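Going by numbering that gives the first Met the number 0, the sequence shown opens with residue 0, and the numbers climb by one from there. Every residue, glycine too, gets a C-beta built ideally from N, C-alpha and C. Since the model is a prediction, treat every value here as computed from it, not as a measurement. All remarks here apply to the structure that follows.
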Amino acid sequence: MGGAAAELRKEALPRAATFFRTLNRIPDYLAGIGVGAVIVTVAIQILGRWVGRPAPWTEEATRFLFVWLVFLGIGSGFRQAESARVTVFLNYLPASLQRLVPWIYILSTVGFFVFMFITGAQLVSQQVRMRELGSALMIPMWLVGICVPVSALMGLLGVVESVVLRPELIGLRRARK
């Protein structure tokens, strides 16, 4: 049984790695486009002020793009287990507690992202119901608010990716030498 499970795992890991690599390109490309859009928008804003004809929409567009970039970063950071953690104290814990820490990390992170998804979905639902619009761009605010549940899903997938492909990053097993 152990040999069959190991063989199945060996076959499944490359497929999982390909799946996550493909999936991770989406937020990476979106972040690249977002950074480019922020640069262009700020350049238009600076040029407009310099020539005495500021474009009011540029400030709001920059803010909305920045919000999206922050939330893309939150979700993306978890795929490499790059979240903020206090690891310096782990060596001082008894071995029995050290074995629990990765599971506490996984459960608390998943719990946070589930909470974030539910709260974000409620926010988007409210924005749709209230027909909220941006004051300068006049775009539906749910286009901005949807970054919260999207980021939560990316974070959940990032935690799954860490557990499946890089368990040593979160302490589930020691790195292979």
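Presumed contact (8 Å Cβ cut-off) between residue i and residue j, rounded CB distance
i      : j      : result
Ala160 : Phe70  : The sequence shown places Glu at residue 160, rather than the Ala named in the question. Going by Cβ atoms, the distance from Glu160 to Phe70 rounds to 18 Å, so no, they are not a contact pair.
Thr57  : Gly47  : 7 Å
Ile105 : Val162 : 7 Å
Phe77  : Thr108 : 7 Å
Leu156 : Phe116 : Actually they are not in contact, since the Cβ atoms of Leu156 and Phe116 sit about 12 Å apart, beyond 8 Å.
Cys146 : Trp49  : So it is not a contact: roughly 31 Å between Cβ atoms.
Phe114 : Gly154 : Incorrect: roughly 11 Å between the Cβ atoms, too far for contact.
Pairwise C-alpha distance: residue j and residue i
i      : j      : result
Trp141 : Tyr91  : 46 Å
Ala36  : Ser75  : 19 Å
Pro101 : Ala60  : 40 Å
Gln125 : Leu96  : 43 Å
Asn23  : Gly119 : 21 Å
Arg52  : Ile103 : 54 Å
Ile43  : Leu136 : 15 Å
Ala94  : Gly170 : 12 Å
Val143 : Gly31  : 17 Å
Ser134 : Thr40  : 17 Å
Val123 : Thr21  : 27 Å
Val127 : Pro139 : 8 Å
Pro55  : Pro148 : 28 Å
Ile38  : Ile25  : 20 Å
N- and C-terminal bounds of the alpha helix (DSSP H) containing residue i
i      : result
Arg62  : Trp56 to Gly76
Ala135 : Here Ala135 belongs to no alpha helix (DSSP H), and DSSP marks it neither H nor E.
Leu168 : Run containing Leu168: none; DSSP gives neither H nor E here.
Gly51  : Taken as a continuous stretch (DSSP letters only), Gly51 belongs to no alpha helix (DSSP H), as it is neither H nor E.
Pro148 : Cys146 to Leu164
Simplified DSSP assignment, three categories, for residue i
i     : result
Pro93 : coil
Pro26 : helix
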